[in-house]
Amino acid sequence: IEVDIIKDVPIMALLADTKLQKTTLYTSDFMYDSLLNSWNEIIKRCKLGKLSNILRWCAYDSEFVPNRYDDQFKRWLSKGLTTYYSFIHKGAFSSFETLQTKYGLGKDDFYRYLQVRHYFHQNLKTIYEKKDLGFLQIFLTLTRSHSQNNIISRLYKGIQQFTQVSTEGIKKRWEKEGNMVIPPDSWAYICVLQWTITGSNTWREFSWKNMIRYFLTPIQKRHQGGGDACWRLCGVTGAN
2 IEVDIIKDVP
12 IMALLADTKL
22 QKTTLYTSDF
32 MYDSLLNSWN
42 EIIKRCKLGK
52 LSNILRWCAY
62 DSEFVPNRYD
72 DQFKRWLSKG
82 LTTYYSFIHK
92 GAFSSFETLQ
102 TKYGLGKDDF
112 YRYLQVRHYF
122 HQNLKTIYEK
132 KDLGFLQIFL
142 TLTRSHSQNN
152 IISRLYKGIQ
162 QFTQVSTEGI
172 KKRWEKEGNM
182 VIPPDSWAYI
192 CVLQWTITGS
202 NTWREFSWKN
212 MIRYFLTPIQ
222 KRHQGGGDAC
232 WRLCGVTGAN
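In structure tokens:
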């Protein structure tokens, strides 16, 4: 599927490189678009910013100039050297000898190694050495995990942990729908009520979904073809 969508650049090489996303031609596909949009949203919500650059592939990185003139970097992909993070071992950039042993690099790759190392130290080292990598640390750990267990749940918990969640947007939509103002104290009580009204986690989840999945009343004329009276026939006009 990936080969049919993108002729040259692997999907994973595009995730952390928005410039490459804009310049790469591909056939629009629901699965691909969903993956790309979801990842961009995670970067935004978890405030990864330039931290995510560690996930760029040196063979395709739009800001790594040597790959524009040397296609041999792409040969490294089949050996397992993809992201800049794949060059890291125990928090430090690996020596050329280590990469030779682990990935089978040849002596003619030494100059390319120096180019990648120089780029890493100039652009990524300071960012990567931050004490708190946030959600990125969880993601990087999973990329090197040999276990396939609970990957989705661990990713979800990581996103929840490092995302600043607010129900203010939901509150504003309810106010618009009901043409009213909900005081902050009342809204806080409504939120708390969903978890204190019952001891059943199933009913708690049901109550919470009812609260956050607000219903937007459709304009009546879209369904009955005349006037703007509420489609519920309650006598209200302009309810939308």
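In this note's numbering, the protein residues as written are 2 to 241.
Beta carbons: idealized from backbone N, C-alpha and C, even for Gly.
- The beta carbon of H90 lies closer than 8 angstroms to those of T99 in the same chain, with the five residues before and after it left out.
- Membership of F31 in the alpha helix (DSSP H) is indicated by the continuous run F31 to R46.
- Beta-bridge pairing by DSSP links W58 to T84.
- Across the structure, F94 and K20 are spaced so that their CA atoms are roughly 25 angstroms apart.
- R57 and Y85 do touch by the CB rule: their CB atoms are close to 6 angstroms apart, below 8 angstroms.
- If only complete runs of 3 or more residues are kept, the segment 93 to 173 shows no beta strand (DSSP E) anywhere.
- Annotation for L78: A60 place their beta carbon closer than 7 angstroms to its own, counting only its chain and skipping 5 residues before and after.
- G105 is the residue among F65, T203 and G105 whose C-alpha sits nearest the C-alpha of L82.
- In the DSSP assignment, I191 forms no beta bridge with any residue.
- For L16, no alpha helix (DSSP H) segment is defined, and its DSSP state is neither H nor E.
- M181: not part of any alpha helix (DSSP H); DSSP gives it neither H nor E.
- I89 carries a strand assignment under DSSP once its states are collapsed to helix, strand and coil.
- Sequence-distant partners of Y157 (beyond 5 residues in either direction) whose C-beta falls short of 8 angstroms from its own C-beta are missing from its chain.
- Here D18 has R57 and S63 as same chain residues with Cβ atoms under 6 angstroms from its own Cβ, once five neighbours each way along the sequence are excluded.
- By the C-beta density criterion, L15 is buried, having at least 16 other C-beta atoms within 10 angstroms.
- Measuring C-alpha to C-alpha distances from A189 to each of S167, R205 and I128 identifies S167 as the nearest.
- From the listed residues R118, Q149, M181 and T102, the smallest Cα separation to K80 is found for T102.
- Scanning D9, K172 and S87 for the CA closest to the CA of T24 turns up D9.
- Residue state for R76 is assigned as helix, using DSSP reduced to three classes.
- The straight-line gap separating the alpha-carbon atoms of P185 and C235 is approximately 29 angstroms.
- Here the alpha carbons of N41 and I152 stand approximately 19 angstroms from one another.
- Collapsing the DSSP output to three states places L49 in coil.
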